[in-house]
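Encoded as structure tokens, the structure appears first; notes follow it.
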Ligand SMILES: Cc1cc2nc3c(=O)[nH]c(=O)nc-3n(C[C@H](O)[C@H](O)[C@H](O)COP(=O)(O)OP(=O)(O)OC[C@H]3O[C@@H](n4cnc5c(N)ncnc54)[C@H](O)[C@@H]3O)c2cc1C
């Protein structure tokens, strides 16, 4: 199996790298301090094609392969992990949902604006009482009499990425005692009420919020819960890409630092225990990248990726956490200061073990497939 990108996608990723070098990495600390991305980021992301990687050309989308999508998430994470997390979710869970499950009318209404960055998106599954156990969602959807396709939404959502900035939220709610489905909810309505901005230790620039819905109007996208949730398989590869990008960046910074810093009349790079940490990190990053590329290739070949996407996310996220931890160790006291980027990467890495299903849930998915 060969991980290959066509010349057009290699060109796309070159543009992503240039964008990251010029417009993302230089700003990452500022965005974190401000706990926000500037509003101007959205049309810029749209211009590079980063908001429509999963959207077809007929809608003006970039329509790249899963292989190119995970590579883009990886490259962006090297500049700003919080931005990578947003892009991973917006593409795989939000835009893809509208294209796959939306009606022609819904696609026409939203996709052109999404592609350009005029319509900002979020994906709302998690609630105060429904996290890993996603089927416990309590938000209720009730059909509105005389308005076919429109439902009233009541309930609360928590930990929603970009939720305070989004114009449109793809939302999972209960349609019956045992049934759940998905709805498009515009945020410019009185029934949508932001409750809290949630400040996290990592990915701080990302706008994570809690909100409530009181008779908010939602537009149904007919699909089962399982169908809506199946978008998480590709989504998890995006988070795995983010994790690999974080690990690679921390590793690059650490290798450079170990060659410069001297103690006991020799470089850190010449000390065997430091070399051991560098060897372990190099090997684990390589293995994470291989799992990531295998998962993306299988997706592009139309294969089932349930197991491989959980494996890639699990391994890559734990790798990112180990590698960033070692990065701080090798930087010593300086590694714990805000002057060195490794501390931020270490904090940002934690999200990859939690978002889109914590590590324990990935282990459940893998073992269920293996033992069936
Ligand atoms: C920064 C950030 C952004 C997020 N963005 C979004 C978003 O955009 N949209 C969205 O819907 N959600 C989002 N989430 C929510 C995220 O998906 C959940 O936090 C995650 O699924 C875990 O749910 P929980 O926090 O309720 O933890 P819980 O479900 O309470 O689990 C806590 C811990 O218990 C253990 N555990 C739970 N269940 C099991 C089990 N069956 N077996 C073994 N151990 C278990 C695990 O260690 C787990 O970490 C975001 C979260 C964060 C932190």
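In my numbering, the protein residues as written are 1 to 372. Ideal placement from N, C-alpha and C gives every residue a C-beta, glycine not left out.
DSSP three-state assignment for residue i, whether helix, strand or coil
i: residue 166; result: coil
i: residue 126; result: coil
i: residue 347; result: helix
i: residue 173; result: strand
i: residue 154; result: strand
i: residue 323; result: helix
i: residue 195; result: strand
i: residue 210; result: strand
i: residue 188; result: coil
i: residue 140; result: strand
i: residue 21; result: helix
i: residue 352; result: helix
i: residue 179; result: coil
i: residue 216; result: strand
i: residue 12; result: helix
i: residue 159; result: strand
i: residue 262; result: strand
i: residue 224; result: coil
i: residue 360; result: helix
i: residue 146; result: coil
i: residue 254; result: helix
i: residue 28; result: helix
i: residue 131; result: coil
i: residue 233; result: helix
i: residue 371; result: helix
i: residue 204; result: coil
Ligand 2 heavy atom lying under 6 Å from the CB of residue i
i: residue 113; result: With respect to small molecules bound, the structure shown includes ligand 1 and not ligand 2.
Rounded C-alpha distance that separates residue i from residue j
i: residue 369; j: residue 304; result: 11 Å
i: residue 187; j: residue 268; result: 53 Å
i: residue 390; j: residue 28; result: Given a span of 1 to 372 for the chain in the structure shown, any question on residue 390 remains unanswerable.
i: residue 362; j: residue 313; result: 8 Å
i: residue 7; j: residue 68; result: 11 Å
i: residue 292; j: residue 316; result: 8 Å
i: residue 161; j: residue 263; result: 43 Å
i: residue 248; j: residue 128; result: 34 Å
i: residue 24; j: residue 15; result: 13 Å
i: residue 351; j: residue 146; result: 43 Å
i: residue 26; j: residue 296; result: 29 Å
i: residue 9; j: residue 176; result: 43 Å
i: residue 3; j: residue 294; result: 7 Å
i: residue 148; j: residue 189; result: 19 Å
i: residue 172; j: residue 196; result: 20 Å
i: residue 222; j: residue 182; result: 7 Å
i: residue 100; j: residue 203; result: 29 Å
i: residue 167; j: residue 194; result: 13 Å
i: residue 354; j: residue 319; result: 14 Å
i: residue 82; j: residue 155; result: 27 Å
i: residue 165; j: residue 119; result: 10 Å
i: residue 302; j: residue 337; result: 46 Å
i: residue 209; j: residue 174; result: 21 Å
i: residue 250; j: residue 33; result: 20 Å
i: residue 423; j: residue 283; result: This structure cannot speak to residue 423, because the chain is shown only from 1 to 372.
i: residue 65; j: residue 271; result: 43 Å
i: residue 59; j: residue 216; result: 28 Å
i: residue 326; j: residue 255; result: 11 Å
i: residue 360; j: residue 290; result: 22 Å
i: residue 341; j: residue 178; result: 47 Å
i: residue 138; j: residue 124; result: 12 Å
i: residue 358; j: residue 44; result: 31 Å
Nearest-angstrom Cβ-Cβ length linking residue i and residue j, presumed shorter than 8 Å
i: residue 61; j: residue 55; result: 3 Å
i: residue 192; j: residue 158; result: At roughly 14 Å, the Cβ-Cβ gap does not stay under 8 Å, so residue 192 and residue 158 are not in contact.
i: residue 328; j: residue 277; result: No, residue 328 and residue 277 are not in contact; Cβ-Cβ is about 11 Å, not under 8 Å.
i: residue 343; j: residue 335; result: 6 Å
i: residue 35; j: residue 205; result: 6 Å
i: residue 349; j: residue 198; result: With a Cβ gap of about 19 Å, residue 349 and residue 198 do not count as contacting.
i: residue 150; j: residue 42; result: Not quite, the Cβ-Cβ distance comes to about 27 Å (not below 8 Å), so this is no contact.
i: residue 30; j: residue 201; result: Incorrect: roughly 18 Å between the Cβ atoms, too far for contact.
i: residue 211; j: residue 163; result: 6 Å
i: residue 122; j: residue 169; result: 5 Å
**Request:** May I have a chain-ordered list of the alpha helix (DSSP H) segments no shorter than 4 residues that lie completely inside the segment 267–320?
**Result:** 272–300
**Prompt:** For the 8 Å Cβ check, are there 3 or more pairs between the segment 81–90 and the segment 228–240?
**Reply:** yes
**Sequence ranges, beta strand (DSSP E) only - wholly within the segment 46–124, length at least 3** = 121–124
**Prompt:** Given 8 Å as the limit, is there contact between the segment 242–255 and the segment 73–81, that is, 3 or more CB pairs closer than that?
**Reply:** yes
**Asked** How about the segment 140–150 and the segment 223–238: do they share at least three Cβ pairs that are nearer than 8 Å?
**Response** no
**Asked** Does the segment 123–138 come close enough to the segment 98–111 to have 3 or more Cβ pairs within less than 8 Å?
**Response** With a cut-off of 8 Å, the segment 98–111 and the segment 123–138 do not count as touching, because too few Cβ pairs lie within range.
**Message:** Quick check: the segment 41–56 against the segment 107–119, are at least 3 beta-carbon pairs closer than 8 Å?
**Reply:** yes
**Request:** Count the CB pairs spanning the segment 91–101 and the segment 250–265 that are closer than 8 Å, and state whether there are at least three.
**Result:** no
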